[in-house]
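Right, one structure below, let's go through it.
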Amino acid sequence: MVSLISNEFKRLPYLKCRDHFMPMGNGNINGTGYRFTHTVTDGLRAGGLWLVMQDDSGQIAGNSGDIIMFAAIEDVDWLSGSQIKLKLAIRHWGKVTASGVQHQHLEGQVYPLWQDSVLPDDDLLVMRLLQLTSEYPNQQLNSGALSSPTNQFNTNWICWRWLEILPIPLGTKQRLLKSPTSEPCLRYLRKIIRQSDRIK
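Using this note's numbering, you'd call the opening residue of the sequence shown number 4 and step up by one each time.
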């Protein structure tokens, strides 16, 4: 597996994704065709790849300074069905550099993750996430990953799971991720959850 050092530049193959996977999480991507196959092969050789966020209209967050995710390829299923299936672990994130896209590769600078902190189990975001995973057990998120013997939860992990789940506009999501701390993200998410609670 490729080692990552904060502020290091990494030129890696990349994939555009409508599912916006976040650090400390996993993801599955399926694809076909020569370019997808070539990207997967290059990613295996390089020790990982960049994931570039894309919205439903086709707009991508691939400009200089945009946040991209570093994914390690944990498994490739080449043979079952008509599509190649990738199992990914999202290890870190980076920022697109001025060099940006070059052929089928993208240069990103490894960017420090938010500083770790904890939320208590009675925090609104923790309680609603626990509720969501119990009501929809088929979600990629599972409640087992939420269990904490200390009744405290990693703030970043909670924020990132909500950013994966909620249909937040791409520009807004990028602004939240570019913040040096998780505080703006926490405020934004709490506002959304409180508004949805009032609507019910």
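Quick reminder that beta carbons are idealized off the backbone N, C-alpha and C, glycines included.
- Between the alpha carbons of L128 and R21 lies a gap of roughly 24 Å.
- Looking at G65, L47 and T44, the one whose alpha-carbon comes closest to that of L54 is G65.
- Non-local C-beta neighbours of G30 in its own chain, meaning closer than 6 Å and more than five positions away in sequence, comprise F24 and L91, ordered along the chain.
- Distance from the Cα of G103 is smallest, within the candidate group I8, P26 and R14, for R14.
- Burial state of P172 is exposed, judged by a 10 Å Cβ sphere holding fewer than 16 other Cβ atoms.
- For W96, there is no enclosing alpha helix (DSSP H); the enclosing beta strand (DSSP E) has its first and last residue at I87 to Q105.
- Taking Y114 as reference, the option from Q198, C188, L52 and I70 with the minimal CA-CA separation is I70.
- Assignment of beta strand (DSSP E) within the stretch 17-53, counting only whole runs of 3 or more residues, yields 28-34 in chain order.
- In this chain, the alpha helix (DSSP H) harbouring E167 covers T158 to I168.
- A Cβ-Cβ distance of about 5 Å is found for the pair Q112 and F12, placing them in contact under the 8 Å criterion.
- For L82, there is no enclosing beta strand (DSSP E), as DSSP marks it with neither H nor E.
- Taking a cut-off of 8 Å for Cβ pairs, the stretch 119-127 and the stretch 78-97 do not touch, as fewer than three such pairs fall below it.
- Rounded to the nearest whole angstrom, the C-alpha separation of E186 and S60 is 29 Å.
- Burial is judged here by how many other beta carbons sit within 10 angstroms of a residue's own beta carbon; P170 has fewer than 16 and is exposed.
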